[in-house]
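Working notes for the structure below.
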Amino acid sequence: MAKEQFPGWHGTTIIGVKKDGKVVIAGDGQVSLGQTVIKGTARKVRRLNPGGFDVVAGFAGSTADAFTLLERLEAKLEAHPGQLQRASVDLAKDWRTDKYLQKLEAMLIVTDGSDLLVITGAGDVLEPEHNVAAIGSGGNYALAAARGMMDTDRSAQEIARAAMAIASDICVYTNGNLTVETIEG
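Counting in the working numbering, the sequence shown runs from 714 upward without gaps.
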């Protein structure tokens, strides 16, 4: 008898847009299990403040795994105040080499208002081209939409919101219930 497959959790679109001295990270609120929406109001974008240093982070993937990574990032930021890139690289190193952390299934977009970075479990810390980063099931839709709007007069927040609206119209694992955080460089 074949083992039944667990349908798996799906969902989330997170986008980061950097424009005119501001960085916006926006994320939807949908969590799906298979073809069922389990929750539509999840908060996947968070403001962190380790040691008085503001950072905004958005996550896609397993919530528990993402919270573990956010806690580790906060600890790295406390060890290296004001150095988001260094803290992110240290986190990515640990994530890649630690046997416990290697099993975590999530991705992060983080910003301190100056740097905009994507952190992955493969050991990557990526600074996106064109000042736009997106992750999650609808990430490619949001990324394409935002890149198409970067040369307009729209603000970073307007671009992020419009890109998320487009992604939610296309991706069944993304909804229009947004959490939006803005930080200045």
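Here a beta-carbon is modelled for each residue, glycine too, at the ideal position from N, C-alpha and C.
query: Arg760, enclosing beta strand (DSSP E) - first and last residue; result: 758-761
query: Residues bridged to Leu839 [DSSP beta-bridge criterion]; result: Val831
query: Gly747 versus Val831, Val730, Tyr886, residue with shortest Cα-Cα distance; result: Tyr886
query: Buried versus exposed, by CB contacts within 10 Å (16 or more), Phe772; result: buried
query: Among Met877, Ala857, Ser775, Gly889, nearest to Thr833 - alpha-carbon criterion; result: Ser775
query: Span separating the alpha-carbon of Leu761 from that of Leu821; result: 13 Å
query: When Asp825, Arg809, Ala855, Leu829 are compared against Leu790, the one with the closest alpha-carbon; result: Asp825
query: Distance between Phe766 and Ser868 (C-alpha atoms, nearest Å); result: 24 Å
query: 8 Å Cβ cutoff met for Leu830 and Val845; result: no
query: Terminal residues of the alpha helix (DSSP H) in which Val802 lies; result: 797-810
query: Cut-off 6 Å between Cβ atoms - residues of its own chain near Arg860, not counting five sequence neighbours on either side; result: His843, Val845
query: Boundaries (first-last residue) of the beta strand (DSSP E) holding Leu746; result: 744-746
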